[in-house]
Every structure is written in structure tokens, then in C-alpha cells.
Amino acid sequence: MNMPAKGANEAPSCHGGLANLDEEYDYWVEDIDGSIPADLTGTFLRNGPGRQKIGGAPYGHWFDGDGMLSQFTFTDGKAHFKNRYVRTPKYVEETAAQKILYRGFGTQIPGGLLKNIFRFPANPANTSLIYHGGKLLALNEGGLPWELAMGSLETVGEYDYDGALAGKTFSAHGKVHPKTGDYFNFGAGMSGGRLKPQACLNLYRINPAGEMTGTGQIPLATFPFCHDFALSDRYAIYFINSIVVSGMGGFILGTRTISDGIHFDNAIPMRMLVVDLDTLEVVREFETDPGAIIHFGNAFEEGDEIVIDAMFQDNFEANETLTDVFNPNGRFGGGHYHRYRLNMSDGSIACSKVSEHESEFPVFNPAKAGQRHGVSWTACSIDNGASSFFNGISRVSYDGDVQLLTLPAGYYGSEPMFAPAQGATREDDGYVLDVVYDGYNHVSEVVVLRAEDLQDQVCTLKLKHHLPHQFHGQFLSQTFPL
Ligand SMILES: [Fe+2]
């Protein structure tokens, strides 16, 4: 990052980073500050809405922008960039028509009730991705995965695990168990058929060959807003939070969106459901004060307890901003880093705050998944005089020692990603990669930091264009033909 000449009060806001990137690129990055280290080899993939407007009209929610994958390939001290949109029907048809043709999570088709009645939201395939079982999948919790060809990022098509997911949804936050290589995921849905419909979570276990080898179902009293879960060695832990989804009748009749019916209810306690990974059945339930967890860090078992790192929040006011992302007064808020201890023996719960900084998108070395970890990294929102957005990265030790890197005002970050060095032997031997939007020049860059010391900025890859703010990604130690 080059420190800007302007003062913080004059810093550009985060909103330029929400502008469309309609072009698709394919090039070797030549503008690099510093040198790409020889032991940084692999593929850094990200997913996020590549456009928030079509024909000049904004979508009604950040979650409704069309999914665009970005791929950074690190090899032989060089870096290659490629981005491709997922060719969903929504993307293809709206690109041709240059207008909104599909409903979204918070978007209505222009034209009133008759245009929207009985229509369900399109799946924009925009939230995250997974490379598992030899398949690269773009994920959005509102529908099926979309398969893309690894390397070329060309769209293959919707993917349902040989029919196992037919008619179901698949969340963006599945997790790979490091011991078995099994990929665990879930989706919110309805059980009981038309005669006795009941909300539920569908649970999935997929083996390393990419075969669906286990399914489960958790009935719920109400439709959940459940975005992520925690995975320990033996358990999957679901937090059924105090964010409720109401007004589904109006949604079905076309008078309101799903997002319109989402609100935080301070009278609803947060429940935790502990699922045995072998049986995919709930083996213990807990209940605590109202709250919500959007994103989880690591989890592991210690004696009778399950220890769970989670970004806690006591409201969902951010949803107002997400429905109007270009509003200059909107505030992109996040949670705070907490740690829960669920005692499987006596049913008690303990909770403590790990970091004071507003934090989301926690990541850790995936080799430590399900075991006690030594360090996590998060995206932070720091008041530096510019508009609110992720503008910091924290390195948080297990014991809560925080190293905070605050970006200069006018620069905006994203979910950090840990990339292990080739041949690494220590948990944090490697790099933290962060896509940063430079609001001064309306371009983006990938900042490569040493994972053990965020002040050690190893190199910066400067793109020829901006990248719209993204949600999630994955780092793979392999490279693939481009
Ligand atoms: Fe997420």
C-alpha cells in the first residue's frame, strides 16, 4: 500500500469497491511491490458479487450480486490473475437483457406483485467456493452448488451430487475434516412434505472422492437464519440464533422479500445443537442469551468441553446497510470475537470475549481444524476516520494477544486467507493474503503479509483494475493449468 497524500477526512469511501467489474481478465501480474517469495506456491481463489447493478439498477441486497470467481495463481515467483462470472441463468439472461429479471434475497423484479408472486430467489452462486473431491464448486446457501472447471474457471453447470441434493440447498460454509478428508455441509430447508411442512436443517457428509456418504435432518420450530457452523473432531455444532425469518406468506405472494422479513428478536435465546459426525444426529442441546453468530472460527474438544471460536453480535442492523449498499451513510458492521465452552457432561456454557476489535471472517490454518489452534486471523472494522468497512486485519493468538494492522484511510480489505509456506513446519509459517481495494485509484491489490508478523509486508500485487468486495475464498497448495 502506498500511503495516501490526503487526510483521513478526505479519504474515499468503500463504495467504489462495490462498482461492477463487468470485464473478465486473464494476465500475469507485472506491477509488484517487493518480490513474491519462492515458498508461496498455490492457488488463491475468491468468490463474491462481481456486480451490484444491471442496466444501472442496483440489486436490492449485497447478497444478490452475481457470483464472480477471482483466481490468483502463485508459481515460480510469479502471479497470474483470472476472473470469471458463474454462468447462472440469472447472470446470462440479465446480461443479455440489461435489466433485473430474477427475484433475489432482497431484490424484487420491477413491475409489482404479478411479476414476483410465486417466484423464488435466483441462486447467484456468489458467496464462497470449495475444491473437494476433484470439483470446484461456487456456493450460495439459497441453492445448489455451481461447478466450474478448475484453472479455466469456465462454468460446467449446477451440481447436485448425483441427485442427492435435488430440491435442497447447500450452504457456503461447508468444512473439510482434516483427518478423514470428509466434507461436511448443510442447508436450510423444509421437511414433512406438503401435508406437514416443517423447517429443518439438512446435513451432508461427502467423502474425499466426492460421494455423498451420509445425510441427516434436524427439525426446527421456525425457519433458521443459519449461515455457518463449527466443526470439531467429533461434532458439528449449529447455533440457532435470534435472527428470525418471518413474513414468508408475503414473500410467496410477491409483496415483500425474504430480507424484509429478517430481524433480530431479543426475546429469542440462542440455541446450540451438537451433532455427532458419525450419525449426523443431535446428541446434546444448549441454550444461552439472545445473540447471533454469522461466522465461526475453529472448534475443538478439550476434556468434557467443546471449545468454539465465534464472531458474536447482539443485533442484525447491518442488514439495513446490505439492502442499500450504495447509501453513503450505511454502516457495514460485524461481530466480536468470542469463545464458547460447551460442557457435554454437565450442560454448562461459558463464554468469553477474545478480542475487543470488531471482527468477521475468522480464518486459521486448516490443518488445525478440529484441534487446538494457536492463532487466527480476522478482518476488522476500525474507526480510522473513513467510512466503515473492513479496513484492518488482526492476528489473534489463542490466548487473546492481538496484533492489529490498520489499513490507511481509503483502503478497504476483505477476508484474510492463510497460505502455508511450502514445507512449513509451524502453524503460522506462511503468509496472510488480503485483497485490498485502493479507493484513491479505484484499483485493487493483493497484499502478502507474513503470517507471524502482520507488520512484515512481503509484497503487493497490483491489479490493472478493481475487484468488487468479495465474501469468501480458499487457498490451495496446488496449481492448475490456466
Ligand atoms: Fe459467510
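So that you can map any letter, position 439 of the sequence shown is 1761 in the numbering used here, and since no number is skipped, the others follow by simple counting.
We treat Cβ as the ideally placed atom computed from N, Cα and C, and that holds for glycine.
If you're wondering where the values come from, they're calculated on a predicted model, not measured in any experiment.
A Cβ-Cβ distance of about 6 Å is found for the pair T1537 and L1525, placing them in contact under the 8 Å criterion.
Counting the other Cβ atoms within 10 Å of the Cβ of Y1349 gives fewer than 16, which makes it exposed.
If you check the C-beta of D1550 against ligand 1, you find a heavy atom less than 7 Å away. In the three-state scheme derived from DSSP, where H, G and I count as helix and E and B as strand, E1416 is classed as helix. Distance check between Q1796 and each of N1665, A1494 and I1358 places A1494 closest, using alpha-carbon atoms only. Within the region 1539-1593, the complete alpha helix (DSSP H) runs of at least 4 residues fall at 1570-1575. Separation of F1551 and E1678 (C-alpha to C-alpha, rounded to the nearest whole angstrom) is 22 Å. Using a Cβ distance threshold of 8 Å, D1631 and A1640 do not count as a contacting pair. About 11 Å separates the Cβ atoms of L1470 and L1461, ruling out a contact at the 8 Å cut-off. Annotation: the continuous beta strand (DSSP E) that includes N1665 extends over G1657 to N1665.
Annotation: the region 1373-1404 contains the following complete segments of the beta strand (DSSP E) (minimum length 3 residues), in chain order: 1388-1397.
Rounded to the nearest whole angstrom, the C-alpha separation of L1435 and F1573 is 10 Å.
Across the set M1390, G1569, G1456 and Q1539, the C-alpha of M1390 shows the shortest separation from the C-alpha of H1788. By the C-beta density criterion, Q1777 is exposed, having fewer than 16 other C-beta atoms within 10 angstroms.
When only Cα atoms are considered, A1444 and V1498 end up about 27 Å apart. Here I1376 is near K1421, since their CB atoms are less than 8 Å apart. The closest heavy atom of ligand 1 lies 7 Å or more from the beta carbon of H1660. Rounded to whole angstroms, S1681 and G1583 show a C-alpha spacing of 26 Å. Short note on H1764: C-beta not closer than 7 Å to any heavy atom of ligand 1. Every beta strand (DSSP E) stretch that sits fully inside the region 1474-1513 and reaches 3 residues is listed by chain position as 1477-1480 and 1505-1513. Contact between the region 1762-1778 and the region 1701-1708 is absent: fewer than three C-beta pairs spanning the two stretches fall below 8 Å.
P1446 and T1410 do touch by the CB rule: their CB atoms are close to 6 Å apart, below 8 Å. Annotation: the continuous beta strand (DSSP E) that includes K1457 extends over K1457 to L1461.
Under the three-state reduction of DSSP, P1688 is assigned to helix. Nearest Cα to C1673 within the set H1617, T1728 and T1610: T1610. Within the chosen limit of 7 Å, ligand 1 reaches the beta carbon of H1617 through at least one heavy atom. Exclusion of the five residues before and after I1590 leaves S1564, V1566 and P1612 as the residues of its chain whose Cβ lies within less than 7 Å of its Cβ.
Note that the C-beta distance between L1466 and Y1453 is not below 8 Å. Nearest to G1752 by C-alpha distance, out of P1688, G1511 and Y1381, is P1688.
Distance from the C-beta of F1793 to the nearest heavy atom of ligand 1 is below 7 Å. Looking only at R1694, D1598 and P1546, the smallest Cα-Cα distance to E1623 is reached by R1694. Assigned with DSSP and collapsed to three states, L1595 falls in strand. Excluding residues up to 5 positions away in sequence, H1454, G1455, G1456 and K1457 lie with their Cβ nearer than 7 Å to the Cβ of G1532 in the same chain. Here the alpha carbon of V1768 sits roughly 40 Å from the alpha carbon of I1671. Relative to the non-hydrogen atoms of ligand 1, the Cβ of T1449 comes within a distance shorter than 7 Å of at least one. Excluding the 5 residues flanking it on each side, K1437 has same chain C-beta neighbours closer than 8 Å at Q1430, I1431 and G1576, in chain order.
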